[in-house]
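In the working numbering, the protein residues as written are 1 to 236. Positions of the beta carbon are idealized from the N, C-alpha and C atoms, including for glycine. For clarity, every value in this text was computed on a predicted model and none was experimentally measured. One structure is given here, and the rest of the page talks about it.
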(Lines of atoms letter the chains of each structure in order from A and count residues from 1; the text may use other names and numbers.)
(Lines give C-alpha, C1' and ligand atoms only; values in the text may rest on other atoms or scores of the structure.)
Protein backbone atom coordinates (compact mmCIF):
# COMPACT_ATOMS: atom_id res chain seq x y z
CA UNK A 1 0.00 0.00 0.00
CA UNK A 2 1.48 3.31 -1.09
CA UNK A 3 1.63 6.19 1.38
CA UNK A 4 0.92 9.42 -0.48
CA UNK A 5 1.48 12.69 1.38
CA UNK A 6 -1.59 14.94 1.05
CA UNK A 7 -0.39 18.43 0.07
CA UNK A 8 2.93 17.23 1.41
CA UNK A 9 3.23 16.22 5.06
CA UNK A 10 0.55 18.79 5.79
CA UNK A 11 -0.11 17.50 9.29
CA UNK A 12 3.24 18.98 10.32
CA UNK A 13 3.96 21.86 7.92
CA UNK A 14 1.99 24.40 5.88
CA UNK A 15 0.16 22.53 3.15
CA UNK A 16 1.37 22.69 -0.45
CA UNK A 17 4.69 24.32 0.44
CA UNK A 18 8.24 23.19 -0.19
CA UNK A 19 8.60 22.69 3.57
CA UNK A 20 5.73 20.18 3.55
CA UNK A 21 7.09 18.41 0.47
CA UNK A 22 10.59 18.12 1.90
CA UNK A 23 9.19 16.74 5.14
CA UNK A 24 7.21 14.12 3.20
CA UNK A 25 10.44 13.02 1.56
CA UNK A 26 12.16 12.83 4.96
CA UNK A 27 9.26 10.77 6.32
CA UNK A 28 9.77 8.24 3.50
CA UNK A 29 6.39 8.78 1.87
CA UNK A 30 5.92 6.80 -1.35
CA UNK A 31 4.26 9.71 -3.12
CA UNK A 32 2.95 13.25 -2.88
CA UNK A 33 -0.36 14.86 -3.81
CA UNK A 34 -0.61 18.58 -4.57
CA UNK A 35 -3.02 21.09 -6.11
CA UNK A 36 -2.32 23.35 -9.08
CA UNK A 37 -3.79 26.59 -10.44
CA UNK A 38 -2.92 29.08 -13.16
CA UNK A 39 -1.99 32.65 -12.27
CA UNK A 40 -3.17 35.70 -14.16
CA UNK A 41 0.05 35.61 -16.20
CA UNK A 42 -0.19 31.90 -16.96
CA UNK A 43 2.18 30.40 -14.39
CA UNK A 44 1.35 27.12 -12.66
CA UNK A 45 1.43 27.50 -8.88
CA UNK A 46 0.66 25.14 -6.01
CA UNK A 47 -2.21 25.99 -3.69
CA UNK A 48 -5.43 24.25 -2.72
CA UNK A 49 -7.97 27.07 -2.55
CA UNK A 50 -8.94 29.43 -5.35
CA UNK A 51 -8.56 32.31 -2.87
CA UNK A 52 -5.31 32.71 -0.94
CA UNK A 53 -7.09 34.00 2.17
CA UNK A 54 -6.93 30.77 4.21
CA UNK A 55 -3.25 29.98 3.66
CA UNK A 56 -1.53 33.37 3.30
CA UNK A 57 -1.47 36.81 4.90
CA UNK A 58 -3.59 38.28 2.11
CA UNK A 59 -6.68 37.53 0.07
CA UNK A 60 -7.67 37.35 -3.59
CA UNK A 61 -8.21 34.83 -6.34
CA UNK A 62 -5.12 33.18 -7.77
CA UNK A 63 -6.50 33.57 -11.29
CA UNK A 64 -6.55 37.36 -10.77
CA UNK A 65 -3.00 37.64 -9.44
CA UNK A 66 0.37 37.48 -11.16
CA UNK A 67 3.16 35.20 -10.01
CA UNK A 68 5.10 38.22 -8.78
CA UNK A 69 2.14 39.31 -6.64
CA UNK A 70 1.71 35.82 -5.21
CA UNK A 71 5.41 35.51 -4.39
CA UNK A 72 5.16 38.52 -2.07
CA UNK A 73 2.72 36.69 0.20
CA UNK A 74 3.58 34.83 3.39
CA UNK A 75 2.25 31.28 3.01
CA UNK A 76 3.68 29.89 6.25
CA UNK A 77 2.95 32.01 9.32
CA UNK A 78 -0.74 31.04 9.36
CA UNK A 79 0.47 27.57 10.33
CA UNK A 80 3.19 28.59 12.76
CA UNK A 81 5.76 31.30 13.41
CA UNK A 82 8.61 28.96 12.52
CA UNK A 83 7.29 28.90 8.94
CA UNK A 84 7.00 32.67 8.53
CA UNK A 85 8.19 33.88 5.12
CA UNK A 86 7.51 30.67 3.20
CA UNK A 87 6.06 31.41 -0.22
CA UNK A 88 3.61 29.75 -2.59
CA UNK A 89 5.73 27.46 -4.78
CA UNK A 90 5.59 27.06 -8.52
CA UNK A 91 5.10 23.70 -10.19
CA UNK A 92 8.58 23.95 -11.66
CA UNK A 93 10.12 24.32 -8.20
CA UNK A 94 8.26 21.28 -6.99
CA UNK A 95 9.13 19.17 -10.02
CA UNK A 96 12.82 20.00 -9.62
CA UNK A 97 12.59 18.70 -6.06
CA UNK A 98 10.56 15.59 -6.93
CA UNK A 99 12.68 14.66 -9.94
CA UNK A 100 15.48 13.49 -7.65
CA UNK A 101 13.18 11.05 -5.85
CA UNK A 102 11.38 7.88 -6.93
CA UNK A 103 8.03 9.07 -5.59
CA UNK A 104 4.64 8.79 -7.24
CA UNK A 105 3.38 12.31 -7.91
CA UNK A 106 -0.32 13.20 -8.00
CA UNK A 107 -1.01 16.58 -9.59
CA UNK A 108 -4.60 17.66 -8.96
CA UNK A 109 -6.05 20.25 -11.33
CA UNK A 110 -8.23 22.62 -9.27
CA UNK A 111 -10.59 23.59 -12.06
CA UNK A 112 -13.77 24.33 -10.14
CA UNK A 113 -15.48 26.76 -10.05
CA UNK A 114 -12.92 28.62 -12.17
CA UNK A 115 -11.52 27.01 -15.31
CA UNK A 116 -7.81 27.33 -16.03
CA UNK A 117 -7.72 27.13 -19.80
CA UNK A 118 -4.51 25.55 -21.04
CA UNK A 119 -3.32 24.20 -17.70
CA UNK A 120 -3.32 20.64 -19.01
CA UNK A 121 -0.70 21.41 -21.65
CA UNK A 122 1.50 23.17 -19.09
CA UNK A 123 1.40 20.17 -16.74
CA UNK A 124 2.23 17.76 -19.56
CA UNK A 125 5.14 19.92 -20.67
CA UNK A 126 6.58 20.01 -17.15
CA UNK A 127 6.19 16.25 -16.71
CA UNK A 128 8.10 15.63 -19.94
CA UNK A 129 10.77 18.20 -19.12
CA UNK A 130 11.55 16.31 -15.92
CA UNK A 131 11.19 12.85 -17.53
CA UNK A 132 8.50 11.81 -15.05
CA UNK A 133 5.72 10.48 -17.27
CA UNK A 134 5.96 7.01 -15.73
CA UNK A 135 5.33 8.22 -12.17
CA UNK A 136 2.87 11.11 -12.42
CA UNK A 137 -0.90 10.87 -12.04
CA UNK A 138 -3.00 13.85 -13.05
CA UNK A 139 -6.30 13.91 -11.17
CA UNK A 140 -9.28 16.24 -11.01
CA UNK A 141 -12.91 16.55 -9.99
CA UNK A 142 -13.26 18.19 -13.43
CA UNK A 143 -13.43 15.14 -15.66
CA UNK A 144 -13.39 17.33 -18.77
CA UNK A 145 -9.88 18.40 -17.77
CA UNK A 146 -8.88 14.75 -17.62
CA UNK A 147 -10.34 14.17 -21.08
CA UNK A 148 -8.32 17.11 -22.41
CA UNK A 149 -5.18 15.75 -20.77
CA UNK A 150 -5.75 12.38 -22.42
CA UNK A 151 -6.23 14.05 -25.80
CA UNK A 152 -2.92 15.88 -25.47
CA UNK A 153 -0.94 13.00 -23.94
CA UNK A 154 -2.60 9.57 -24.21
CA UNK A 155 0.15 7.98 -22.09
CA UNK A 156 -0.56 10.13 -19.02
CA UNK A 157 -1.93 8.33 -15.97
CA UNK A 158 -5.30 9.83 -15.01
CA UNK A 159 -7.05 9.71 -11.64
CA UNK A 160 -10.79 10.34 -11.42
CA UNK A 161 -11.74 12.20 -8.24
CA UNK A 162 -15.13 11.78 -6.56
CA UNK A 163 -16.62 13.90 -3.77
CA UNK A 164 -20.01 12.15 -3.80
CA UNK A 165 -21.15 8.54 -3.59
CA UNK A 166 -21.57 7.62 -7.24
CA UNK A 167 -23.43 4.37 -7.83
CA UNK A 168 -21.04 1.83 -9.37
CA UNK A 169 -18.30 4.41 -10.04
CA UNK A 170 -16.21 1.83 -11.89
CA UNK A 171 -18.98 1.64 -14.52
CA UNK A 172 -19.10 5.42 -14.80
CA UNK A 173 -15.32 5.59 -15.25
CA UNK A 174 -15.37 2.77 -17.82
CA UNK A 175 -17.71 4.86 -20.01
CA UNK A 176 -15.54 8.00 -19.95
CA UNK A 177 -13.88 9.00 -23.26
CA UNK A 178 -10.42 8.25 -21.87
CA UNK A 179 -8.66 5.39 -20.13
CA UNK A 180 -8.49 6.08 -16.40
CA UNK A 181 -5.64 4.75 -14.27
CA UNK A 182 -7.15 5.15 -10.81
CA UNK A 183 -10.18 6.19 -8.78
CA UNK A 184 -9.70 8.75 -5.99
CA UNK A 185 -12.80 8.63 -3.77
CA UNK A 186 -13.37 10.10 -0.33
CA UNK A 187 -12.19 7.43 2.06
CA UNK A 188 -15.65 6.98 3.59
CA UNK A 189 -16.89 5.51 0.29
CA UNK A 190 -14.33 2.71 0.26
CA UNK A 191 -14.84 -0.81 1.52
CA UNK A 192 -13.66 -4.27 0.48
CA UNK A 193 -16.28 -4.53 -2.29
CA UNK A 194 -15.32 -1.10 -3.68
CA UNK A 195 -11.71 -2.22 -3.96
CA UNK A 196 -12.69 -5.56 -5.47
CA UNK A 197 -14.86 -3.98 -8.16
CA UNK A 198 -12.27 -1.35 -9.08
CA UNK A 199 -9.56 -3.97 -9.41
CA UNK A 200 -11.85 -6.18 -11.48
CA UNK A 201 -12.26 -3.28 -13.91
CA UNK A 202 -8.52 -2.56 -13.95
CA UNK A 203 -8.41 0.56 -11.75
CA UNK A 204 -6.27 1.36 -8.73
CA UNK A 205 -7.85 2.95 -5.65
CA UNK A 206 -6.30 5.93 -3.83
CA UNK A 207 -8.77 7.35 -1.26
CA UNK A 208 -8.42 10.76 0.38
CA UNK A 209 -7.86 11.98 3.12
CA UNK A 210 -6.95 9.03 5.35
CA UNK A 211 -5.45 10.11 8.67
CA UNK A 212 -6.20 7.07 10.85
CA UNK A 213 -4.00 4.06 10.26
CA UNK A 214 -6.59 1.88 11.99
CA UNK A 215 -9.06 2.56 9.16
CA UNK A 216 -6.61 1.57 6.46
CA UNK A 217 -5.33 -1.62 8.05
CA UNK A 218 -8.18 -3.99 7.10
CA UNK A 219 -8.43 -2.48 3.62
CA UNK A 220 -4.70 -2.87 3.09
CA UNK A 221 -5.27 -6.58 3.59
CA UNK A 222 -7.99 -6.35 0.92
CA UNK A 223 -5.49 -4.91 -1.56
CA UNK A 224 -5.99 -1.16 -1.19
CA UNK A 225 -3.42 0.42 -3.51
CA UNK A 226 -2.63 3.46 -1.41
CA UNK A 227 -3.81 6.19 0.94
CA UNK A 228 -3.57 9.96 0.60
CA UNK A 229 -2.78 11.23 4.10
CA UNK A 230 -1.65 14.31 6.00
CA UNK A 231 0.51 12.09 8.25
CA UNK A 232 2.72 9.79 6.18
CA UNK A 233 4.82 8.87 9.21
CA UNK A 234 1.83 7.28 11.00
CA UNK A 235 1.42 4.79 8.20
CA UNK A 236 5.12 4.16 7.75
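Open item on the list: Which runs of the alpha helix (DSSP H) at least 4 residues long sit entirely within the segment 49 to 105? Give them in chain order.
Closed with: Assignment of alpha helix (DSSP H) within the segment 49 to 105, counting only whole runs of 4 or more residues, yields 67 to 71 and 91 to 98 in chain order.
Open item on the list: Quick check on the burial criterion: 16 or more other C-beta atoms within 10 angstroms. Buried or exposed for residue 116?
Closed with: Residue 116 is buried by the Cβ-count criterion.
Open item on the list: Can you look up residue 17 in the DSSP assignment and give me helix, strand or coil?
Closed with: coil
Open item on the list: Could you tell me the alpha carbon to alpha carbon distance between residue 65 and residue 174, rounded to whole angstroms?
Closed with: 38 Å
TODO: Between the Cα of residue 191 and those of 6, 176, 217 and 179, spot the shortest distance and give me the residue it belongs to.
DONE: 217
Open item on the list: Rounded to whole angstroms, what is the Cα-Cα separation between residue 141 and residue 80?
Closed with: 30 Å
Open item on the list: Taking the straight line between their C-alpha atoms, what separation do you get for residue 135 and residue 121?
Closed with: 17 Å
Open item on the list: Which residue marks the beginning of the alpha helix (DSSP H) containing residue 217, and which one marks its end?
Closed with: Its alpha helix (DSSP H) spans residues 213 to 221.
- [ ] Between the Cα of residue 98 and those of 78, 37, 72 and 19, spot the shortest distance and give me the residue it belongs to.
- [x] 19
Task: Contact check, residue 230 vs residue 10, beta carbons under 7 Å - done: yes
- [ ] May I ask which residues mark the beginning and end of the beta strand (DSSP E) holding residue 43?
- [x] That residue, residue 43, is in no beta strand (DSSP E); it is neither H nor E in DSSP.
TODO: Could you tell me the boundaries of the alpha helix (DSSP H) in which residue 37 lies?
DONE: Per DSSP, residue 37 belongs to no alpha helix (DSSP H); it is in the beta strand (DSSP E), 31 to 38.
Open item on the list: Ignoring anything shorter than 3 residues, give me the beta strand (DSSP E) runs that lie fully in the segment 155 to 220, in order along the chain.
Closed with: 157 to 162 and 182 to 185
Open item on the list: Between the alpha carbons of residue 147 and residue 156, how many angstroms are there, rounded?
Closed with: 11 Å
Open item on the list: Please determine whether the Cβ atom of residue 76 lies at a distance below 6 Å from any heavy atom of the ligand NAD.
Closed with: As far as ligands go, the structure on display features none, and thus does not contain the ligand NAD.
- [ ] Put residue 116 into one of helix, strand or coil per three-state DSSP.
- [x] coil
- [ ] Could you check what DSSP says for residue 5 in three-state terms: helix, strand or coil?
- [x] strand
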